[in-house]
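Note that the protein sequences, when read in sequence, are chains Z and B.
Take 0 as the starting number for the first sequence in numbering that gives the first Met the number 0 and just add one per residue.
Take 0 as the starting number for the second sequence in numbering that gives the first Met the number 0 and just add one per residue.
Heads up, the thing below is written out as C-alpha cells.
Number of protein chains: 2
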Amino acid sequence: MDLNTTTRARAAGKRERTKQQNRQLILQAARQVFADLGYGATTVRDIVRATPLAAGTFYNYFNSKEEVFQAMQDEIALRIRPRLHEERAKATSIEEFISGTFRTFFEYVASDEANFHAIRRNTDTLRVRMDTPEILAGFQELRTDLEEAIANGLFPSLDADYLMAAIVGVAFEIAERMLRRARADTEDATRFATALFMGGIKALPTISSGDVA
Amino acid sequence: MDLNTTTRARAAGKRERTKQQNRQLILQAARQVFADLGYGATTVRDIVRATPLAAGTFYNYFNSKEEVFQAMQDEIALRIRPRLHEERAKATSIEEFISGTFRTFFEYVASDEANFHAIRRNTDTLRVRMDTPEILAGFQELRTDLEEAIANGLFPSLDADYLMAAIVGVAFEIAERMLRRARADTEDATRFATALFMGGIKALPTISSGDVA
DNA sequence: CAGATAAGTTGACGCTTCGTCACGTTCCTT
DNA sequence: AAGGAACGTGACGAAGCGTCAACTTATCTG
Chain Z
0 MDLNTTTRAR AAGKRERTKQ QNRQLILQAA RQVFADLGYG ATTVRDIVRA TPLAAGTFYN
60 YFNSKEEVFQ AMQDEIALRI RPRLHEERAK ATSIEEFISG TFRTFFEYVA SDEANFHAIR
120 RNTDTLRVRM DTPEILAGFQ ELRTDLEEAI ANGLFPSLDA DYLMAAIVGV AFEIAERMLR
180 RARADTEDAT RFATALFMGG IKALPTISSG DVA
Chain B
0 MDLNTTTRAR AAGKRERTKQ QNRQLILQAA RQVFADLGYG ATTVRDIVRA TPLAAGTFYN
60 YFNSKEEVFQ AMQDEIALRI RPRLHEERAK ATSIEEFISG TFRTFFEYVA SDEANFHAIR
120 RNTDTLRVRM DTPEILAGFQ ELRTDLEEAI ANGLFPSLDA DYLMAAIVGV AFEIAERMLR
180 RARADTEDAT RFATALFMGG IKALPTISSG DVA
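Given below as C-alpha cells:
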C-alpha cells in the first residue's frame with residue numbers, strides 16, 4: 000500500500016448536468032479565476048477546482064487555458080457583432096457610421112461586467128491574441144461594411160485597410176482608458192472618438208479642468 | 000550505475016564571455032527561436048539550447064521567458080524614445096508634432112529587422128503585454144509632451160489621456176498592417192495617420208485602386 | 001425490456017518544463 | 001599566493017499538463 004498500489008481509475012460518472020451547462024460552468028469559473036489570479040498565473044487545474052468537475056472533464060470541452068480565454072472573447076464577439084453591423088447598416092452619413100460604431104462598442108464594453116471585470120484585472124488582456132475566427136470575422140465585417148459604404152459614396156475612396164486599423168486601434172485603446180476612469184462615461188468617449196474621425200484634433204471637444212484618471 | 004548514481008554536479012565553469020555578451024547571446028537566441036517557433040510554443044530550454052550556455056545560467060540573466068520578451072521590448076523602447084521625444088520637442092505646430100511622432104514610429108518599426116522579424120512571425124505580438132517600466136515610461140513621456148504642448152497653446156485644451164490613447168492605438172494598429180503589406184511604405188502610413196488627426200476622415204488621402212494586402 | 005452502442009466522467013499516470021542549488025571553476029583583490 | 005566574490009553547470013524536486021483505461025449513464029434497436 001505504498002506507491003505501487005496503482006488503484007487505477009474506478010470512476011463514478013454522474014450526469015447531473017447537460018453539456019451546455021458544464022461548458023458554461025467552466026467559462027464562469029474561468030472568468031472568476033482569471034479575475035482573481037490573473038491570466039498568466041492561473042492553471043487549468045485552478046479553473047477545474049472552481050468547478051464540481053474532474054480534471055479530465057475539462058478537456059472534453061476545451062483543449063487548453065488559451066482556448067477557454069478565446070471562448071470568452073468569442074462570446075463577446077458574437078454578442079457585439081450583430082449590434083455593430085445593424086448600427087452601421089442604417090447609417091446614412093459618415094458621422095452616423097462612425098459614432099454608431101464607437102457608441103455600440105463602448106456601451107457594450109462598459110456593460111459586460113461578467114467578462115470585463117476579468118479583463119480589467121489584467122491590464123493587458125484587451126491586447127492579448129485577438130485572433131480567433133469569430134473576432135477575425137468581426138474585423139472582416141467592419142472591413143466589408145466600410146468598403147460598401149465607400150462604394151455607396153458615403154465615404155470618399157480611401158484606404159479602407161488603414162481606416163479600419165485606425166478605428167480598431169482607437170476603439171480598444173480608448174475603451175481601456177474609459178474603463179479605468181472613476182465612472183465609465185461612454186457618451187464622452189463616443190463624442191471624443193467621433194470628433195477625432197470627423198474633424199481631426201481641432202474638432203475635439205475642449206475641456207476646462209483635467210478630469211483624467 | 001543505474002539511477003541512483005547521483006553523480007551530482009561536477010560542473011566545469013568556463014568564463015569565455017563577459018556578462019554583457021552572455022546577455023546579448025540569450026536575447027539574440029530568443030529572437031531567433033521566437034521567430035521560428037512562436038512565443039507560446041518556445042520553452043526557456045529551447046532558448047538555452049540555441050546558446051552555448053547551460054540551463055541554469057539562463058536564470059542568472061532573466062527570471063522567465065516573459066522577462067526575455069520584455070527585455071526585447073525594452074530595447075525597442077530605449078532606442079525609440081529619445082528619437083520620439085526629440086522629434087516632438089522641436090515641433091512648432093500640431094501637424095509637426097503629430098507627423099513627427101508617427102513618422103519616427105513607423106520608420107523605426109520598419110527598420111528594426113532583428114526585433115520585428117520575430118514579431119511578424121506572431122500576428123499578435125505587438126499586442127502582448129506592453130507594460131514594462133520602460134514602455135510605460137515611454138507612454139508617460141508622450142503624455143507629458145502632449146500636456147506641455149497643450150500648455151504652450153500648441154494644442155487646444157483637450158483630453159490628453161484620450162488623445163494619447165488614440166495616437167497609441169492608431170500607431171500600433173497601422174504599423175501592424177503596414178508591416179504585412181508587400182513593401183512597408185512608412186511615408187504612406189505617416190501621411191494617412193497625420194491626415195486623420197489633422198482633418199479627420201474627409202482629409203484622408205484618396206486612392207484610385209485598392210492597393211491593400 | 002434486454003442487449004448493444006454511444007456519450008460522458010473520472011482520477012491516476014507518464015511526461016514535459018520549470019526554477020533551484022550544491023558544487024566546481026575563474027576572476028579579482030590585496 | 002591566498003582567499004573570497006562572481007559566475008557557470010547540470011541534476012533534482014516540484015508543478016502542471018494532457019491522456020486514457022475503466023467506469024457510469026443515456027440512447028437506440030428490434
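Glycine is no exception: its CB is placed at the ideal position from the N, C-alpha and C atoms.
Chain B within 8 Å of residue i, Cβ atoms only
{"i": "residue 169 of chain Z", "result": "yes"}
{"i": "residue 161 of chain Z", "result": "yes"}
{"i": "residue 25 of chain Z", "result": "no"}
{"i": "residue 176 of chain Z", "result": "yes"}
{"i": "residue 172 of chain Z", "result": "yes"}
{"i": "residue 200 of chain Z", "result": "yes"}
{"i": "residue 197 of chain Z", "result": "yes"}
{"i": "residue 141 of chain Z", "result": "no"}
{"i": "residue 151 of chain Z", "result": "no"}
{"i": "residue 145 of chain Z", "result": "no"}
{"i": "residue 83 of chain Z", "result": "no"}
{"i": "residue 93 of chain Z", "result": "yes"}
{"i": "residue 16 of chain Z", "result": "no"}
Residues that residue i bridges to, as DSSP identifies them
{"i": "residue 205 of chain B", "result": "Z:157"}
Below-8 Å beta-carbon distance, residue i vs any chain Z residue
{"i": "residue 50 of chain B", "result": "no"}
{"i": "residue 101 of chain B", "result": "no"}
{"i": "residue 156 of chain B", "result": "yes"}
{"i": "residue 37 of chain B", "result": "no"}
{"i": "residue 132 of chain B", "result": "no"}
{"i": "residue 206 of chain B", "result": "yes"}
{"i": "residue 203 of chain B", "result": "yes"}
{"i": "residue 191 of chain B", "result": "yes"}
{"i": "residue 90 of chain B", "result": "no"}
{"i": "residue 79 of chain B", "result": "no"}
{"i": "residue 54 of chain B", "result": "no"}
{"i": "residue 165 of chain B", "result": "yes"}
{"i": "residue 75 of chain B", "result": "no"}
{"i": "residue 7 of chain B", "result": "Per-residue confidence for residue 7 of chain B stands at a pLDDT of 41, beneath the threshold of 50, marking its modelled position as unreliable; the derived number appears in the next sentence. Chain Z contact via Cβ: absent."}
{"i": "residue 19 of chain B", "result": "no"}
C-beta atoms of residue i and residue j nearer than 8 Å
{"i": "residue 204 of chain B", "j": "residue 205 of chain Z", "result": "no"}
{"i": "residue 182 of chain B", "j": "residue 160 of chain Z", "result": "no"}
{"i": "residue 253 of chain B", "j": "residue 169 of chain B", "result": "No information on residue 253 of chain B is available, as it lies outside the stretch 0 to 212 that chain B covers here."}
{"i": "residue 197 of chain B", "j": "residue 200 of chain Z", "result": "yes"}
{"i": "residue 67 of chain B", "j": "residue 134 of chain B", "result": "no"}
{"i": "residue 185 of chain B", "j": "residue 109 of chain B", "result": "yes"}
{"i": "residue 30 of chain B", "j": "residue 114 of chain B", "result": "yes"}
{"i": "residue 144 of chain B", "j": "residue 87 of chain B", "result": "yes"}
{"i": "residue 173 of chain B", "j": "residue 194 of chain B", "result": "no"}
{"i": "residue 17 of chain Z", "j": "residue 73 of chain Z", "result": "no"}
{"i": "residue 46 of chain Z", "j": "residue 34 of chain Z", "result": "no"}
Is it the case that the segment 45-61 of chain Z contacts the segment 93-104 of chain Z, given that we only count it when at least three CB pairs across the two stretches are under 8 Å? Not touching, per the Cβ criterion.
Three or more C-beta pairs under 8 Å: does that hold for the segment 140-158 of chain B against the segment 79-88 of chain B? Verdict: yes, contact present.
To test your reading of the DSSP string, which unbroken beta strand (DSSP E) runs of 3 or more residues are found completely within the segment 35-111 of chain Z?
For the beta strand (DSSP E) assignment, the segment 35-111 of chain Z encloses no uninterrupted run of at least 3 residues.
Would the segment 164-172 of chain B count as touching the segment 54-68 of chain B if we require 3 or more Cβ pairs under 8 Å? No, the segment 164-172 of chain B is not in contact with the segment 54-68 of chain B.
**Message:** If contact is defined by three or more beta carbon pairs under 8 Å, each pair taking one atom from either stretch, is the segment 99-107 of chain B in contact with the segment 40-47 of chain B?
**Reply:** No: fewer than three Cβ pairs fall under 8 Å.
If we require 4 or more residues per run, which alpha helix (DSSP H) segments fall completely within the segment 146-200 of chain B? Taking only runs of at least 4 residues, the alpha helix (DSSP H) segments lying wholly in the segment 146-200 of chain B are 159-179, 185-198.
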